[in-house]
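**Student:** Just add 4 to the spot in the sequence shown (first one is 1) and you have my numbering.
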Amino acid sequence: MIRRLRIRRTLKTRVCLLLICFFIGFLSASPAVSPALAMGDYSKLVVPQIKYRGGSFKPRPEALESLLVQIANRTSIEVKRVSLDMELSNPDLFDYPFIYLAGNDAFSPFSPEELNILRNYLSYGGFLLIDDNSSASNSKFDASVRGMISELFPHVPLQKLPEDHSIFRSFYLIDQVAGRALVKPYIEGISVKGRTVLAYVGNDLGGAWSRDKLGHWTYDMVGGGDDQRKMAIRLGVNIVLYALTLDYKKDMVHLPIILERLRRNQYR
C-alpha cells in the first residue's frame with residue numbers, strides 16, 4: 005500500500021521555510037533577519053533518526069539535537085529540540101520532510117516493505133541524509149548502505165555531487181566536505197527527476213556536530229581543528245536548507261507544479 009506525505013502539514017512547513025530562505029537571500033547583508041510569523045508547532049523542524057536492526061543506529065546520540073541548535077542560531081528556521089527515533093514502518097514518518105540515518109557498523113537489510121515505504125517517502129518529497137560515523141574509508145556500515153541503496157533505487161546509481169550542486173550554496177558557500185574526519189572529500193547522492201533525494205557523507209558529520217549537555221564538544225576532530233568543525237557544521241546547515249527548500253529560485257517558479265503533483269498523490 006502506497007503511503008503518502010501528510011500533504012497539508014508538510015507542504016505548509018516547506019512553503020513557509022522556502023519563503024524564509026527567499027528573504028534570507030535578499031537580506032543576508034542585514035544584521036538580523038526577522039523570524040517567520042508563528043504558525044504553530046507543525047512549522048518547527050524535527051528530524052527523526054531512522055532505527056534499524058543490527059549494528060548501532062545511534063552512535064552519536066547528541067548529533068541531531070546539536071545540529072538543530074546550530075540551525076536555530078544561524079537561520080530563521082524554528083526547530084523543536086526533541087530526540088525522535090523512528091522505524092521506517094512508522095506511518096508518522098511521512099510527517100517529516102527530512103530524516104537521518106547513521107551508524108558505524110554493518111546493519112541488517114531492510115525488508116522489501118520498508119524499502120518500498122522509503123522509496124515512496126523520497127519520491128513524494130522527503131529527503132534522507134546518511135552519515136557514516138566510522139571514520140573508515142571501506143567500513144562495514146558503508147557496505148550495508150551501498151547494499152541498501154542498490155535495492156532502494158536499482159536503476160539510479162549513487163553518484164558524487166558536482167561542485168556546483170545547490171547543497172554547496174544553499175546557505176553558506178562550501179568548498180570542503182568536512183566532518184569529524186576527512187575520509188571522503190565528496191558527497192554522494194541519488195537524484196530523481198532533477199531532485200537530489202538522498203545524500204551520503206562518509207566523514208562522520210554527527211561526530212563534528214555533537215555537544216554534551218554542558219555545551220562541550222563531545223568528540224575530537226581527526227586531521228583538523230576548529231576550522232574543520234566549522235565547515236562540518238556549515239555543511240549540515242546547508243544540507244538541511246537544501247532538503248527543505250531545494251533551490252528557492254527554481255521552487256518559486258515551479259511551485260504551482262509541485263503543489264499540483266502533491267495534491268494528485270494525496271490519497272494514493
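Note that CB positions come from ideal geometry on N, CA and C, so glycine has one too.
Would N142 pass as a contact of G210 if the rule is Cβ separation under 9 Å?
**Tutor:** no
**Student:** Would you report the Cα separation of S170 and G198, rounded to the nearest angstrom?
**Tutor:** 12 Å
**Student:** Within the stretch 52-99, note down every full beta strand (DSSP E) run reaching 3 residues or more, in order along the chain.
**Tutor:** none
**Student:** In terms of alpha-carbon separation, which member of N94, L97 and Y56 lies closest to F111?
**Tutor:** Of the listed residues, the one whose Cα sits closest to F111 is Y56.
**Student:** Assuming A212 and I237 form a contact by the criterion Cβ under 8 Å, report the distance between their Cβ atoms to the nearest whole angstrom.
**Tutor:** 7 Å
**Student:** Between the Cα of G59 and those of E192, F114 and S80, spot the shortest distance and give me the residue it belongs to.
**Tutor:** F114
**Student:** Considering only the beta carbon of each residue, do V181 and N207 sit closer than 9 Å?
**Tutor:** yes
**Student:** Given this structure, state the Cα-to-Cα distance separating V201 from D216, to the nearest angstrom.
**Tutor:** 30 Å
**Student:** Where do the ends of the beta strand (DSSP E) carrying V4 lie?
**Tutor:** Outside the modelled stretch of the chain, which goes from 5 to 272, sits residue 4, for which no answer is possible.
**Student:** For F172, which three-state DSSP category applies?
**Tutor:** helix
**Student:** Is DSSP giving D216 helix, strand or coil here?
**Tutor:** Coil at D216, not helix or strand.
**Student:** Who pairs with I134 in a beta bridge, going by DSSP?
**Tutor:** DSSP lists L105 and Y204 as partners of I134.
**Student:** Which class does G227 belong to by DSSP, given the choice of helix, strand or coil?
**Tutor:** coil
**Student:** Where do the ends of the alpha helix (DSSP H) carrying E192 lie?
**Tutor:** Element bounds for E192: not the alpha helix (DSSP H) but the beta strand (DSSP E), E192 to V196.
**Student:** Starting from the Cα of I194, find the closest Cα among P65, L88, E155 and F175 and give me that residue.
**Tutor:** E155
**Student:** Check whether the Cβ atoms of L239 and P101 lie closer than 9 Å to each other.
**Tutor:** no
**Student:** Taking the DSSP output, what are the residues bridged to Q163?
**Tutor:** G193
**Student:** Report yes if the CB atom of L133 is closer than 9 Å to the CB atom of L105, and no otherwise.
**Tutor:** yes
**Student:** What's the C-alpha gap between V241 and K144?
**Tutor:** 27 Å
**Student:** Tell me, please, which residues DSSP counts as bridged to L49.
**Tutor:** V83
**Student:** Going by C-alpha to C-alpha distance, which of V205, L218 and I81 sits closest to G107?
**Tutor:** Each of V205, L218 and I81 was checked against the Cα of G107, and the nearest Cα belongs to V205.
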